[in-house]
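Worksheet: one structure, shown below.
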Amino acid sequence: MIESAIAGLTPHLSKIKIPTSSDKVYKDECVYSFDSPDSETGLYVCLQTFIGVGKDFVLRHFKRTGSAVYLHLLRDRIEKENKQGDGPERKVTKLAIGIEGGFEPDKKDIVTTETLSIVVLPEFISIPWPCDKLPLVVVQSVEGVLAASSALKMAELESVAGTWDGEARSVSRHAANLLQIDNGVKIPPNGWKCEECELDSNLWLNLTDGKILCGRRFFDGTGGNEHALQHYKKTGYPLAVKLGTITKEGKGDVYSYEEDDMVEDPYLIQHLAHFGINIMNLEKTEKSMAELELALNTNYKEWSGTEDGKSVSGPGLTGLANMGNSCYLNSVVQIIFSIPDFIKKYYENADAVFDNAPVDPAVDFNVQMAKLATGLISGKYAQSDNSDQPERKIIPPVTPIMFKNVIGRGHPDFSTKNQQDAHEFFLHLLTFVQRNSRGSLDPTECFKLQVEDRFECGATGKVKYTRRTEYCLPLSIPLSQEQLAAVKAQSMNKDSKDFTRPHIDLNACLSSFLQTELVEQFYSTAIQDKTTAKKTTRLATFPDYLMIHLKKFCLNDNWIPIKLDVSVDMPNEVDFKMLGRHQRPPGEELLPEPVGPIAPPVLDQAVINGLVEQGFPLEAAKKAAYFTKGGGIEMAVNWLMEHIADQDLNDPFVVPGAEPVIKEFIPDEEGLMMLTSMGFTRAQATKALKATGNNVERAGDWIFSHADELDKVDDVEHPPVAGETFRDGSSTYRLIGVISHMGPSSMVGHYICHVLKDGQWVIFNDEKVAFSENIPKNLGYLYLYQRV
């Protein structure tokens, strides 16, 4: 039997490869689905491409590549009830949820059985592994696959390098040749205080000159007064070690100010000895940075138990495992894949996406989106609650590692395992979808809205209208000075018993959006000089889905990120008619077109450079320098702090008043003749040409794909931007999704989301999915409304 199986293997030996260190080996999970060695049918790893595929995709991969030989990995993990009792309570040692050492219940006994075999397609001929009759190239290939580092784990290591968890910190480039001054400083073994403010905790020893200074403030307001950071800015001495974290093994928290990261210092023992420190006399007494961040977040793990609804599973009711602070990603993804446009693009058309996959599907955005959509919507990977069974097979939850690696690659924030802002990730995801939807259905169109800004020149009263495209409606939260002071004080003192959460009505937020804003240094084409202008903003279109972003995150008086702990009434149904487009008053006169190009403003480059060095984006720095009129870097920083939540803060800088004016659309006469000769009315042809920028060929396609919009009456006074289309309709919406956040700032805490499915609210708390009985509608951060 074995001999005949090996005979069937022989014709394919020339295609079998032995993996090298440069090959990516996908042996943890299918690149097209969430099948893994722990799945019922296991995982097949191609011995030519080293791509791992599940049973549903292995024949597809064979037909596409001609690769016939696979290593089949099948693993049974059975969780059994621990008869010996639970033992001592397991301590949480990591911030991450659902990973070793993180927030999770104590594990039961797990019995693992692994079965390996060589499978030859298309007949699925199976040869057990190990087998002494196998050809040498097959043996070497399989051994190479088993010994290779998983491609997924390699990608994860790249993403966590230098993050708070500290398991993959890079060696500092300053460590080997660190300057250490012979200034006679000797550090005692205890009794340390900051040399500037007398603080006796969170102290950092500069490894160049031996200065002991306090560290930065933490998110909750505790910590230090940042004297160690200020010392670096004065001296440029790059490395400091946190006193109290040093162990007898020569380990400790070392920070590189120049590299702006926690780092490894392999020479720490020698560097400490320079100041008379014998590590054998030191005991670890202070929390490391990872432990401190863990302590700040431990209180928020209770969110997993806030819902008392029944656990559910099935199609569209599949949770996502938390990959260490990825709850922001999980919540946004669950919201996105509840929308028909995204379901159609990535679930209903998944086979077409898979058929057109590149050589390495694991790094293709569309493939990973289709994989994620299929995993969530099909119900195949929905976890049923069988925790009460004495023995149960462990089926891994949907863990979107490949998706996160693709969408986070190269991004300074989303490539890490640190907590991120859900609103920023939502916009980041939409950008990726748009970029990968050229020439095909773009589901982000359902969010796209047109915003109209009206400027009234302070010198002449003449006006100008500009349009811009947005995908989210940001709403400020109006608070009185007393309320704001109380909220900021509460963010610094979570144990305060006197704090009453401010209660805000949505209408107050909408009224704040409608308020007139005074724009300084507006360039008026009527006087060809700068003046002030009044600016008002309205919505020119109402999209199919309106994502509302409550601007809850800000900075306190010490520039520490905090969240406004307020309650905002968000109704189930709301009419946003009050936000509708500007109504032009009789006799209104438009500002004239500029005569020639407007001379660019002279900006203080020293201020811009200083802001960029502090970490502010270049375009934001230009705006700050412009609007503070050369008032210096401190005034510019204050301006940025006041505008940190502006939606367009990082957009390319344009002098106010120099934006292009909305022009009346003039259709191409030849295009009109051609389209009307096809039987369309002049109004319909004009609408199609307007939507496509007078491109006749595109106009024809547009007509057939927008038949339901052809006879809608256009707003002549407010024409859309040429070449760009917007879905528009009623201003009445109903609430269908909420993303909520618990924690003192966007970088700390936990996100969950609620989605309305078939008239029933469902909570998605990472991999936990349940009917929701208590929706925190008044405490949300992002709200998804669907046009009625």
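Number 140 in full-length UniProt numbering belongs to position 140 of the sequence shown; there are no gaps in the numbering.
No residue lacks a Cβ here, since even glycine has one placed at the ideal position from N, Cα and C.
Every value quoted in this text rests on a predicted model; they were computed, and no experiment measured them.
Run through the region 473 to 527 for me and flag every whole beta strand (DSSP E) of 3 or more residues, listed as ranges in chain order. For the region 473 to 527, whole beta strand (DSSP E) runs of length 3 or above, ordered along the chain, are 473 to 475, 503 to 505 and 517 to 524.
Could you give the DSSP three-state label for Gly587: helix, strand or coil? Under the three-state reduction of DSSP output, Gly587 falls in the coil class, being neither helix nor strand.
By DSSP, does Leu74 sit in helix, in strand, or in coil? Strand, per DSSP.
Assuming Leu429 contacts Tyr471 under a Cβ cut-off of 8 Å, what Cβ separation, rounded to an integer in Å, is found between them? About 10 Å separates the two Cβ atoms, so there is no contact after all.
In terms of residue numbering, what span does the alpha helix (DSSP H) encompassing Met262 cover? Premise fails: Met262 lies in the beta strand (DSSP E), Asp261 to Val263, not in any alpha helix (DSSP H).
Decide if Leu136 is buried, meaning its Cβ has at least 16 other Cβ atoms within 10 Å, or exposed. exposed
Measuring CB atoms only, is the region 6 to 22 touching the region 44 to 53, in the sense that at least three cross pairs come out at less than 8 Å? yes
Please return the same chain residues whose Cβ sits closer than 6 Å to the Cβ of Leu152, not counting the five positions on each side in sequence. Asp28 and Ile401
Please determine, among Thr247, Gly743 and Val69, the residue with the shortest C-alpha to C-alpha distance to Leu43. Minimum Cα distance to Leu43 is reached at Val69.
Considering Cα atoms alone, identify which of Asp355, Thr500 and Gln334 is closest to Phe425. Gln334
Nonlocal neighbours in the same chain, by C-beta distance under 7 Å from Trp639, ignoring five residues either side: Ala624, Phe627 and Thr628
Same chain, Cβ closer than 7 Å to Leu268, neighbours up to 5 away in sequence not counted: Cβ contact annotation for Leu268 (same chain, cutoff 7 Å, sequence separation greater than five): Val241, Gly250, Gly252 and Val254, in chain order.
Please identify the residue among Gln515, Gly316 and Trp129 whose C-alpha is closest to the C-alpha of Thr115. Trp129
Under a Cβ-count criterion, where at least 16 other Cβ atoms within 10 Å of its own Cβ denotes burial, should Phe455 be classed as buried or exposed? buried
Please look up how many angstroms separate the CB atoms of Ser567 and Pro502, rounded, as I've assumed it's under 8 Å. At roughly 7 Å, the Cβ-Cβ gap stays under 8 Å, so Ser567 and Pro502 are in contact.
If we count the other Cβ atoms within 10 Å of its Cβ and call it buried at 16 or more, is Glu717 buried or exposed? For Glu717, the predicted structure reports a pLDDT of 41, less than 50, and the residue's modelled location is therefore unreliable. A value from the coordinates is still provided. The residue is exposed, with fewer than 16 neighbouring Cβ atoms inside 10 Å.
Enclosing beta strand (DSSP E) for Gly375 [first to last residue]: Premise fails: Gly375 lies in the alpha helix (DSSP H), Phe365 to Ile377, not in any beta strand (DSSP E).
Reduced DSSP secondary structure (H/G/I, E/B, other) of Leu618: Residue state, collapsed to three classes: helix.
8 Å contact criterion, which Ala599 and Ala526 should meet: CB distance rounded: So it is not a contact: roughly 17 Å between Cβ atoms.
Roughly how many angstroms lie between the CA atoms of Tyr545 and Gly679, to the nearest whole one? 34 Å
In angstroms with no decimal places, state the Cα-to-Cα distance between Tyr781 and Thr65. 47 Å
Taking DSSP as the reference, what is the three-state secondary structure of His754? strand
Distance, Cα to Cα, Ser338 vs Pro594? It is roughly 47 Å from the alpha-carbon of Ser338 to the alpha-carbon of Pro594.
The alpha helix (DSSP H) spanning Pro340 covers which residue range? Pro340 to Ile343
On the CB-based measure, 16 or more other CB atoms within 10 Å of its CB, does Leu73 come out buried or exposed? buried
Within 10 angstroms of the Cβ of Arg467, are there 16 or more other Cβ atoms? Answer buried if so, exposed if not. buried
How big is the Cα-Cα spacing for residue 792 and Val607? Residue 792 lies beyond the stretch modelled for the chain, which goes from 1 to 788, so this question has no answer here.
Run the CB neighbour count on Asn278, radius 10 Å, all protein chains shown included, and call it buried at 16 or more, exposed below. Its Cβ having fewer than 16 others within 10 Å, Asn278 is exposed.
What residues are listed by DSSP as bridge partners for Asp453? Thr466 and Thr537
Helix, strand or coil: which one does DSSP assign to Phe414? Residue state, collapsed to three classes: coil.
Simplified DSSP assignment, three categories, for Ile775: Ile775: coil per DSSP, three-state reduction.
Report yes if the CB atom of Ala636 is closer than 7 Å to the CB atom of Tyr523, and no otherwise. no
Could you check where the beta strand (DSSP E) with Asn206 kicks off and where it finishes? Where Asn206 is concerned, the enclosing beta strand (DSSP E) stretches over Leu203 to Asn206.
4 or more residues per run - each alpha helix (DSSP H) lying fully within the region 631 to 659: Fully contained in the region 631 to 659 are the following alpha helix (DSSP H) runs of length 4 or more, in chain order: 633 to 642.
Are there 16 or more other CB atoms within 10 angstroms of the CB of Lys248, so buried, or fewer, so exposed? exposed
Measuring only the C-alpha atoms, how far is Ser378 from Pro315? 5 Å
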